[in-house]
Amino acid sequence: MSVANTSVEPNPGVDLSVTVAGLQFKNPVMPASGCFSFGREVAAFYDLAVLGAIVVKATTQHERQGNPTPRLAETPAGMLNAIGLQNPGVEQVVRTELPFLRQFAPLPVIVNVAGTAEEDYVDVVRTLCQSPDVAAIELNVSCPNVKCGGIQFGTDPVMAAGMVRAIKAASRVPVIVKLSPNVTDIVAMASACEEAGADAVSLINTLIGMQIDVARRRPLLANGVGGLSGPAVRPVAVRMVYEVSRQVRIPVIGIGGIMSGRDAVEFLMAGASAVQVGTANFVDPMACPRIIAELETWCRDHGVAAVRDLIGAAHPH
Amino acid sequence: MAICKVVDQQSVGRDLFALTFTSPVDLRSAGAYWPGQFLHIRVSDSFDFLLRRPLSLCEADPERGLLKVVYRASGEGTRRLTRVRPGDSLDVLGPLGRGFPLHTGDHSTLLIAGGIGVPPMVQLARALREAGTRAHAVIGFQMVDQVILVKELTDAGAKVSVTTDDGSFGAHGLVTDLLTEGLCAGVDRYYACGPTPMLRAVQGVMQARRVPGYLSLEERMGCGIGICVGCVHSIRREGQVSHLKTCKEGPVFPAQEVVFQ
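Heads up: the sequence lines are chains L and W, in that order. First residue of the first sequence: 1, per our numbering; consecutive thereafter. First residue of the second sequence: 318, per our numbering; consecutive thereafter.
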């Protein structure tokens, strides 16, 4: 006891905290939207308070039943999904889903918002802003799996900017825009969102893909196409994070096939200020806490005192 | 989730394998497992097979702490699983899902299963025997080299009737051919697991026989814990049809609630 009282902290902890869009995250790791539902199921596995933040499933104005099945297909080092934004609708989310997460306070809760028309998005954001439980909005203008599921806003910089302005005007909380990789120039999309007032961008959403059931001679997914995720997309995501973060001043949240602490480090070095973990949660319910622990270990092993020192470390000086 | 140890793997029929491994949970604790639940298993630690495979619990041995699944090597992933040998580690999540509910007061039940839907009936037959409920297993296969678990079901106290599509073993025909008025007389409840066309046919026949029951559904599954919302099935509850997750709210649903497209 006396030794402990007199000695200097022998093994100083790594400072994992980051700030994104004015929000304080105790660490840079959060589950990606649509890969964590609303948190209840995973809360049976661990205390969600260990997360940097939580991004809940895409929420629409009205309840949606989503696409018919099959909705999933495994692919080399990845998977395709075509869920189709199944969710109980924003009012139900605000009433029953978000209050459940209060027990993990001060965990920032980010709500992903999807819709068909600009008015839908604005309505959802207005409803969310009446809830005390919402720390930020993630604007989903990149869901590939529903007709008019917002991706038309996510592939045209002018439409995206218009949407961001409308949402910013309606929102009392920071607005993160989730970008689609299914564009010619993701840097132009990010810049348009930044100019329109976005507080951060998150990227990438899934890449549109397809698998053919060769026995049936038909696309395997009932929806035909689906979104590709998992380690297979990681190099594409890292490249896009690298390019976008060199161009915009707002923070970038990196998403795409992160399975380990090393992968999180890769995104941070590419220029991400925080990361989202998606598909890994489906493989391992403990993925997020494991990645946080691995990230801390990596930093300690490499003499990195603060994880924010890694942000953009791979950029040319 | 836990890293378990493979104890045994055997070929039990054409493309059919029985895999026994140490349980990730203490099987002696209350509610640790239930017939009709599934184990969610990684077939390899390679990212080439990223997602787990849901395999239904066939037998639990609480004394030795072992679980057995019987599966068909039908795709690349399950074929990879056939390579694991005793002593190998196995990443297992579960048991997961809602299994077959038992009803006190039931005297006589039918266990109706086809092909790779037969394995969960073994643990169910054991549970029914413990509950003092009679079980008659009516099980169907394509042909004789795929007939499995007849002895295990018999050992669990069930009467067993077998059909094959080509008549190479047991009765020639489908399981529904055996579900006559006479066979269903006095039956309190049925439990069914098998391919979707079979379940749809069983649902229709047993409704006509006025016997309530449960269907164990199969959908392509992702996470197994309810977060990816991939494995939904249409379920009618309180007059409303909605997409419920077969991993979390199922895989077993009351037969009258199941809506087939």
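Glycine included, C-beta positions come from ideal geometry on N, C-alpha and C. All values reported here derive from a predicted model rather than from experimental measurement.
For residue i, which of helix, strand or coil comes out of DSSP?
i, result
"L:P10", "Unreliable placement is indicated for L:P10, whose pLDDT of 49 sits below 50; the coordinate value is still reported in the next sentence. In the structure shown, L:P10 sits in coil (DSSP, three-state: anything other than H, G, I, E or B)."
"L:A78", "The residue you asked about is not Ala; residue 78 of chain L is Gly in the sequence shown. DSSP places L:G78 in strand when its eight states are reduced to three."
"L:S191", "helix"
"L:N182", "coil"
"L:G154", "helix"
"L:Q65", "coil"
"L:A305", "coil"
"L:I311", "coil"
"W:E555", "coil"
"W:P568", "strand"
"W:C540", "coil"
"W:R415", "strand"
"L:V3", "Because the pLDDT of L:V3 is 44, which lies under 50, any placement of that residue in the model is unreliable, and the question is left without a value."
"L:S260", "coil"
"W:T563", "coil"
"L:D133", "coil"
"L:L101", "helix"
"L:Q86", "coil"
"W:G521", "helix"
"L:A293", "helix"
Determine whether the Cβ of residue i lies closer than 7 Å to any Cβ atom of chain L.
i, result
"W:H424", "no"
"W:H357", "no"
"W:F338", "no"
"W:E555", "no"
"W:E536", "yes"
Taking C-beta pairs closer than 9 Å, name the residues in chain W that residue i reaches, listed in chain order.
i, result
"L:E118", "Correct list: empty, because the minimum Cβ distance to chain W is about 26 Å."
"L:P231", "F364, L367"
"L:F100", "The contacting residues do not exist; L:F100 stays about 14 Å from chain W at best."
Compare the C-beta of residue i with all C-beta atoms of chain W and state if any pair is closer than 7 Å.
i, result
"L:S245", "no"
"L:M1", "Here the model assigns L:M1 a pLDDT of 39, short of 50, so the residue's position is not dependable, and the following value carries that caveat. Answer no: the Cβ-Cβ gap between L:M1 and chain W never drops below 7 Å."
"L:P219", "no"
"L:I255", "no"
"L:F282", "yes"
"L:S33", "no"
"L:A53", "no"
"L:A4", "Only weak support exists for where L:A4 lies, its pLDDT of 45 falling under 50; the value from the coordinates is given anyway. Judged by the 7 Å Cβ criterion, L:A4 is not in contact with chain W."
Is the beta carbon of residue j closer than 7 Å to that of residue i?
i, j, result
"L:V134", "L:V177", "no"
"L:A232", "L:A77", "yes"
"W:G567", "W:L516", "no"
"W:D505", "W:H424", "yes"
"W:R331", "W:Q463", "yes"
"L:S33", "L:N112", "yes"
"W:V455", "W:V467", "no"
"W:V558", "W:V546", "no"
"L:Q65", "W:H550", "no"
"W:P436", "W:V479", "no"
"L:V93", "L:I54", "no"
"W:G541", "W:R369", "yes"
"L:N281", "L:C35", "yes"
"W:L333", "W:R389", "yes"
"W:V360", "W:R397", "yes"
"L:I167", "L:V125", "yes"
"L:V90", "L:T127", "yes"
For residue i, go through chain L and note every residue whose CB falls closer than 7 Å to its CB, in chain order.
i, result
"W:I542", "E41, P285"
"W:D365", "P76, A77"
"W:G547", "R71, L72, N81, I83"
Strictly below 8 Å CB to CB, what residues from chain L border residue i?
i, result
"W:H560", "Q65, G66, Q86"
"W:G539", "L72, M79, N81, F282"
"W:K565", "E41"
List the residues of chain W that residue i touches, going by C-beta distances under 7 Å, in chain order.
i, result
"L:F36", "I544"
Could you tell me whether the segment 157-171 of chain L touches the segment 208-223 of chain L, using the rule of 3 or more Cβ pairs below 8 Å?
no
Three or more C-beta pairs below 8 Å linking the segment 235-253 of chain L and the segment 285-293 of chain L:
no
Taking three-plus beta-carbon pairs below 8 Å as touching, is the segment 303-317 of chain L in contact with the segment 251-270 of chain L?
yes
The segment 307-314 of chain L in contact with the segment 402-419 of chain W per 3-pair CB rule at 8 Å:
no
Is it the case that the segment 375-386 of chain W contacts the segment 334-342 of chain W, given that we only count it when at least three CB pairs across the two stretches are under 8 Å?
yes
Does the segment 205-220 of chain L come close enough to the segment 185-195 of chain L to have 3 or more Cβ pairs within less than 8 Å?
no
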